[in-house]
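In terms of my numbering, the sequence shown opens at residue 248 and continues consecutively.
Quick reminder that beta carbons are idealized off the backbone N, C-alpha and C, glycines included.
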Amino acid sequence: MDIEISMKIKNYINGEYVNPISDNWIDNYNPSIGEVYGQLPDSNSQDVEIAYKAAEAAFRGWSETTLDERSKILSKIAKLIIAKLPELAMAEAKDNGKPVRVAKSIDIPRASANFQFFANAITQFASEAHESVGQNAINFTLRQPIGVVGCISPWNLPLYLFTWKIAPAIAAGNCVVAKPSEITPMTAYLLGEILTEAGLPKGVLNIIHGLGTTTGQAIVEHPNIKAISFTGGTKTGAHIAKVAAPMFKKLSLELGGKNPAIIFSDCDYNEMLQTTVRSSFANQGQICLCGSRIFVEASLYQKFKTDFIAAVSKLKVGSPFNNNTDIGALVSKTHLNKVKSYIDKAEQYGGNVIFGGNIVSVHDSEDGYYLEPTIIEVDDNSCILNQDEIFGPIVTIMSFNDENEVLAMANDVNYGLSATLWTNDLKRTMRVSKQLEVGIVWVNTWLLRDLRTPFGGVKSSGVGREGGFEALRFFTEPKNICIKYN
Ligand code: TXE
């Protein structure tokens with residue numbers, strides 16, 4: 248695994264690394280220094296067709312491979328990811344700008360866990376039988392793999408989210424044409440050699456690189472790719488839904504979030520404070536689950552404001568390769584500009600920047616895309632700062648007076664992915680959790696993940712659920728078989 252050289256990433260099709268047909272390439276940036284360090288294929292619909300054909304040819308064999316054999320191969324992939332953890336973590340940090348410490352402790356272990364989890368889950372996945380009593384018939388449900396499916400993933404948690412889709416897809420017996428984000432293609436590229444080493448049959452998983460509007464679009468438009476699992480922006484998700492709907496494709500869309508963190512004065516204060524710093528700024532705030540709207544009960548508000556600023560001021564912005572760094576580089580110059588534009592217009596949008604807000608110049612990495620963690624005080628939840636998904640190291644804080652008021656504000660947004668609730672009142676926990684319009688509620692914690700649970704959102708945060716058997720249900724087609732027996 249050589250990631251040091253300036254290199255050309257290749258597509259991984261039918262178990263081989265290949266150049267794009269057009270021989271067109273896209274520059275790949277290292278956001279921590281703002282420089283091009285390699286290139287990736289600018290694949291087109293011909294490349295997608297070749298990948299599709301390889302997947303189609305592999306499908307019968309793979310779908311008939313025993314669960315035990317599939318499970319063993321997935322486990323082997325999981326082990327090889329761990330064996331190559333240091334190189335993969337370095338590659339992720341270089342490609343994405345995230346602290347290598349975070350890639351080592353979160354991204355890469357989770358990519359491995361995704362394969363290990365579905366290696367186990369597929370051996371436990373079962374379907375239902377219904378005896379039609381009095382009619383001498385038994386119905387049972389076959390859950391068959393769909394065929395060739397498409398998986399498209401974003402740049403914020405590159406290998407973590409890429410594998411979150413492809414592991415259940417192949418565990419369930421499908422073959423895959425997958426596209427990582429063109430902004431962070433490196434670890435998906437490196438996965439190719441792991442798949443080969445693990446003995447995954449050729450064609451089962453094909454990894455194509457390129458732009459969303461060409462490569463991604465070609466996957467979504469392909470008439471025989473029958474299901475699309477997508478994680479990314481809400482606008483892109485809406486576009487994909489529009490393209491896929493007339494072809495009646497199965498769709499799973501995990502989109503943006505604008506998640507409330509609701510803090511009641513009876514919470515465990517220190518734990519809440521520590522976790523809220525993390526839920527605000529982990530991964531430079533570039534996680535769809537980050538709590539970007541913080542609502543604090545009025546009686547606690549001033550204390551929280553003071554302590555939160557003090558805690559955030561201790562976060563170190565710096566090179567992803569420095570072990571003390573808490574906040575690395577944002578993923579791209581375009582993204583940095585987008586995030587910064589909200590800070591520049593904060594006042595016009597009804598906010599007051601009370602901490603941070605500036606671009607940071609990091610020694611020896613002056614052209615990298617660094618931004619201070621930023622806290623903006625607002626007093627109206629309907630302001631743009633509380634309505635748009637900014638997806639960077641920015642949070643807003645505001646106070647509330649009672650439960651009904653905060654519930655109304657938490658729900659008054661287009662998104663509905665997750666919410667965090669801080670309270671020790673059990674009755675309130677249940678009342679509020681039931682009324683929050685989201686797919687996930689964390690109470691007195693954040694981003695505590697059990698891979699068996701349904702994962703996804705409502706409203707503009709998406710359609711469908713990933714995780715556990717939900718993912719295996721998505722990647723299979725149920726067929727009812729009714730047998731009359733007399
Ligand atoms: O994502 P895109 P972008 C949010 C975040 C961010 C915004 C835009 O707010 O600022 O989305 O980010 C592929 N057909 N999230 O523009 O474009 C693309 O190549 C098929 C939230 O970078 O949605 C990439 O592989 N595919 C999010 C993937 O879609 C297409 C994580 C995601 O990129 C396509 C990232 C098309 N027409 C951004 N156009 C989350 N939910 O975690 C693009 N793609």
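Exercise. Beta strand (DSSP E) containing H469: first to last residue?
Worked result: Neither: H469 is in no beta strand (DSSP E) and is coded neither H nor E.
For this session: Per DSSP, which residues does T388 bridge with? Please list them.
Result: N727
Exercise. Going by alpha carbons, who is nearest to L683 out of F372, G439 and A508?
Worked result: A508
For this session: Give the range of the beta strand (DSSP E) segment to which V395 is assigned.
Result: Its beta strand (DSSP E) spans residues V395 to I399.
For this session: Kindly indicate the opening and closing residues of the beta strand (DSSP E) around M645.
Result: I641 to F647
For this session: Report the partner residues of F568 according to the DSSP bridge assignment.
Result: The partner list for F568 (beta bridge, DSSP) is empty, contrary to what the question assumes.
Exercise. Any heavy atom of ligand 1 closer than 7 Å to the Cβ of V543?
Worked result: At a threshold of 7 Å, V543 does not count as near ligand 1, since its beta carbon sits no closer than that to any of the ligand's heavy atoms.
For this session: Would you be able to state if there are at least three C-beta pairs under 8 Å between the segment 473-480 and the segment 386-401?
Result: yes
For this session: Decide if Y276 is buried, meaning its Cβ has at least 16 other Cβ atoms within 10 Å, or exposed.
Result: buried
Problem set entry | Residue closest to D315, alpha-carbon to alpha-carbon, out of Q371, G575 and G459 | Q371
For this session: Note down the Cα distance separating I250 from A576, rounded to an integer number of angstroms.
Result: Low confidence applies here, because I250 scores a pLDDT of 49, under 50, leaving its location unreliable and the question unanswered by this model.
Problem set entry | 7 Å CB neighbourhood of K255 in its chain, flanking five on each side removed | W272, G285 and Q286
Exercise. Between the segment 400-409 and the segment 325-345, do at least 3 Cβ pairs fall closer than 8 Å?
Worked result: yes
Problem set entry | Proximal residues to K496 (C-beta, below 7 Å), its chain only, five neighbours per side dropped | Residues of the same chain with a CB within less than 7 Å of the CB of K496, apart from the 5 flanking positions on each side, are K473, A474 and I475 in chain order.
Exercise. By how many angstroms is the C-alpha of G450 removed from the C-alpha of A298?
Worked result: In this structure, the alpha-carbon of A298 lies about 8 Å from that of G450.
Exercise. Say the cut is 7 Å; is the CB of S428 nearer than that to a heavy atom of ligand 1?
Worked result: yes
Problem set entry | Any non-hydrogen atom of ligand 1 within 7 Å of N651 CB | N651 Cβ: outside cutoff for every heavy atom of ligand 1.
For this session: Pull up the DSSP beta-bridge partners for W669, would you.
Result: DSSP, once it has assigned bridges, lists I510 as partnering W669.
Exercise. Given L458, which residues of its chain have a CB within under 8 Å of its CB, disregarding the five upstream and five downstream residues?
Worked result: I273, D289 and E429
For this session: Scan the segment 671-707 and note each continuous beta strand (DSSP E) run of 3 residues or more that stays entirely inside, going in chain order.
Result: 687-690
For this session: Rounded to whole angstroms, what's the CA-CA distance from S499 to L335? Just pull it up for me.
Result: Just so you know, the alpha carbons of S499 and L335 end up roughly 27 Å apart.
Exercise. Residues bridged to C422 by DSSP?
Worked result: V395
Exercise. Per DSSP, which one or two residues make a beta bridge with S499?
Worked result: S476
For this session: Provide the residue span of the alpha helix (DSSP H) that contains A366, from first to last.
Result: I355 to Q371
Exercise. Around the Cβ of G504, are there at least 16 other Cβ atoms within 10 angstroms (buried) or fewer (exposed)?
Worked result: With a threshold of 16 other beta carbon atoms within 10 Å, G504 meets it and is buried.
Exercise. Do you know whose CA, among D659, D697, E650 and L664, lies nearest R678's CA?
Worked result: Of the residues D659, D697, E650 and L664, the one whose Cα lies closest to the Cα of R678 is E650.
For this session: Give me whichever residues DSSP pairs with N266 in a beta bridge.
Result: Bridge partners of N266: none, in fact.
For this session: Taking S322 as part of the alpha helix (DSSP H), name the residues at either end of that continuous run.
Result: L314 to A330
For this session: Taking 8 Å as the cut-off, decide whether the C-beta atoms of A376 and N386 are in contact.
Result: The criterion of a C-beta distance shorter than 8 Å is satisfied by A376 and N386.
Problem set entry | Continuous beta strand (DSSP E) stretch holding N271: start and end | Note, N271: premise wrong, no beta strand (DSSP E); not H, not E.
Exercise. Alpha helix (DSSP H) containing H377: first to last residue?
Worked result: Counting along the chain, H377 falls outside any alpha helix (DSSP H), though it belongs to the beta strand (DSSP E) covering A376 to S379.
For this session: Within its chain, find whatever has a CB closer than 8 Å to the CB of L695; leave out the 5 residues flanking it on each side and keep chain order.
Result: W689
Exercise. At which residues does the alpha helix (DSSP H) containing E303 begin and terminate?
Worked result: S292 to S310
For this session: Locate the beta strand (DSSP E) running through V625, then write down its first and last residues.
Result: T621 to V625
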